[in-house]
Amino acid sequence: MTRKFLKQIAQEVLGPEDARRIWGRMEFIGDILLIRIPFDMDISKLKVLADRILKEFKYVKSVWGGYPGVKTEYRIREFVHLAGEERSETIYREHGCLFKVDFRKVYISPSLSYEHARIAKLVRDGEVVTNMFAGAGLFSIVIAKHAKPRIVYSIDINPHAYYYMVENVKLNKVENIVIPLLGDAAEIISTQLRNTSDRVLMPYPDIALEYLIYAINAIKEKGYIHIYLHVSSGREEDPVLTAENIVCNKLNDLGYNKFVIENGRVVREVAPRRYQVVLDVYIDKTF
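The structure is reproduced here in structure tokens:
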């Protein structure tokens with residue numbers, strides 16, 4: 003009902019055409035609503051919409067707009083305050099877990115909620131998991147709460163992400179499972195985590211291919227890598243097949259040919275005909 007009513011309000015305030023352009027761009031993070039702003043939309047229109055949303059949804063305390071594109075090495079967009087409290091820190095709930103986050107300091111996307119649960123279901127009892135780009139710890143903590151890993155190494159280079167990750171590990175009482183690590187995943191794996199992991203997560207599409215060799219280095223003799231990519235595909239092309247070809251070529255270039263792509267799926271469309279795709283790759287490093 004909430005989403006349906008939100009759509010109705012957008013149509014009333016913006017008209018059908020503009021409402022269609024932002025309908026899939028609205029996300030709730032705790033008591034804050036984020037609207038990803040189309041590049042040519044007038045901010046004043048969105049401020050009117052934001053004021054209306056605050057009147058209709060009493061639990062929403064703040065509305066922000068996010069501009070297209072990532073502005074920093076930490077995957078953070080540029081945001082503009084639209085209405086309500088000028089606050090960007092909140093408590094976000096997902097899969098029975100609580101996450102303290104500030105979306106102006108840490109990358110977070112509720113659209114990855116399904117992936118958080120899906121990966122957790124794949125983790126087997128006693129596994130060692132490395133999350134190379136952990137952010138505030140959502141993947142890592144959902145895994146710790148819903149699976150039975152031995153340990154989850156949770157890495158991020160963003161000091162703000164590390165701060166919130168540590169807070170969230172305590173908040174969800176998984177200190178004995180999730181180990182937050184601050185630094186570049188390549189360096190940490192090379193110096194501390196070589197050949198340690200049964201499973202590696204790579205939820206940062208922009209640098210996944212560049213860092214793939216470090217994911218391989220983290221894996222024991224055999225294991226799984228979950229790699230997230232952005233790929234462009236034409237009308238008649240399959241984005242998953244496109245991603246598979248890219249990863250196969252990269253693995254071959256790195257000298258690895260004993261691998262199986264067990265699963266692939268489109269996570270979401272990030273731009274017209276551009277998709278975020280995840281591949282579940284099983285790799286055997288023995289020769």
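Per the working numbering, the very first residue in the sequence shown carries number 3; after that it's consecutive.
Each residue gets a CB set at the ideal place from its N, CA and C atoms; glycine is no exception.
{"Query": "Euclidean distance between Cα positions of L16 and E189", "Result": "48 Å"}
{"Query": "Local conformation of N197 per DSSP, three classes", "Result": "coil"}
{"Query": "Where the alpha helix (DSSP H) through T4 begins and ends", "Result": "T4 to L16"}
{"Query": "Whole-Å CB distance - V202 paired with A220, under 8 Å assumed", "Result": "5 Å"}
{"Query": "CA-to-CA distance, K60 to A245, given in whole angstroms", "Result": "42 Å"}
{"Query": "8 Å contact criterion, which G139 and P182 should meet: CB distance rounded", "Result": "7 Å"}
{"Query": "Inter-residue Cα distance where the pair is H228 and Y165", "Result": "25 Å"}
{"Query": "Per-residue DSSP class, three states only, for Y230", "Result": "strand"}
{"Query": "Simplified DSSP state of S111, which is helix, strand or coil", "Result": "coil"}
{"Query": "Proximity of V283 and I263 at Cβ, strictly below 7 Å", "Result": "yes"}
{"Query": "Boundaries of the alpha helix (DSSP H) in which M167 is found, first to last residue", "Result": "P161 to L173"}
{"Query": "Pair within 7 Å by beta-carbon distance, E169 and K102", "Result": "yes"}
{"Query": "Limits of the alpha helix (DSSP H) - the one that K49 falls within", "Result": "I45 to E58"}
{"Query": "When F105, E87 and T288 are compared against E80, the one with the closest alpha-carbon", "Result": "F105"}
{"Query": "Coil, strand or helix - I117 by DSSP", "Result": "Looking at the sequence shown, residue 117 is not Ile but Glu. It is helical."}
{"Query": "Collapsed DSSP secondary structure at R89 in the structure displayed", "Result": "coil"}
{"Query": "Buried or exposed by the 16-neighbour rule on C-beta atoms within 10 Å, applied to Y116", "Result": "exposed"}
{"Query": "Own chain, CB closer than 7 Å to V125, minus 5 neighbours either side, in chain order", "Result": "V131, I145, A149, P151 and R201"}
{"Query": "Rounded distance between the beta-carbons of P205 and F135, thought under 8 Å", "Result": "5 Å"}
{"Query": "Test item: CB-CB of V65 and L100 under 7 Å", "Result": "no"}
{"Query": "Nearest candidate by alpha-carbon position, reference G236, set C250, H83, A273 and G225", "Result": "A273"}
{"Query": "Buried or exposed by the 16-neighbour rule on C-beta atoms within 10 Å, applied to R5", "Result": "exposed"}
{"Query": "Of the listed residues C250, G266, R267 and N265, nearest to N259 (C-alpha basis)", "Result": "C250"}
{"Query": "Outcome for T92 when other beta-carbon atoms lying within 10 angstroms are tallied against a minimum of 16", "Result": "buried"}
{"Query": "For F261: DSSP bridge partner residues", "Result": "I285"}
{"Query": "Under 7 Å between C-beta atoms of V171 and V154", "Result": "no"}
{"Query": "A210 in three-state terms, based on DSSP", "Result": "helix"}
{"Query": "Which listed residue (S113, D240, A210 and I218) has its alpha carbon closest to that of Y230", "Result": "A210"}
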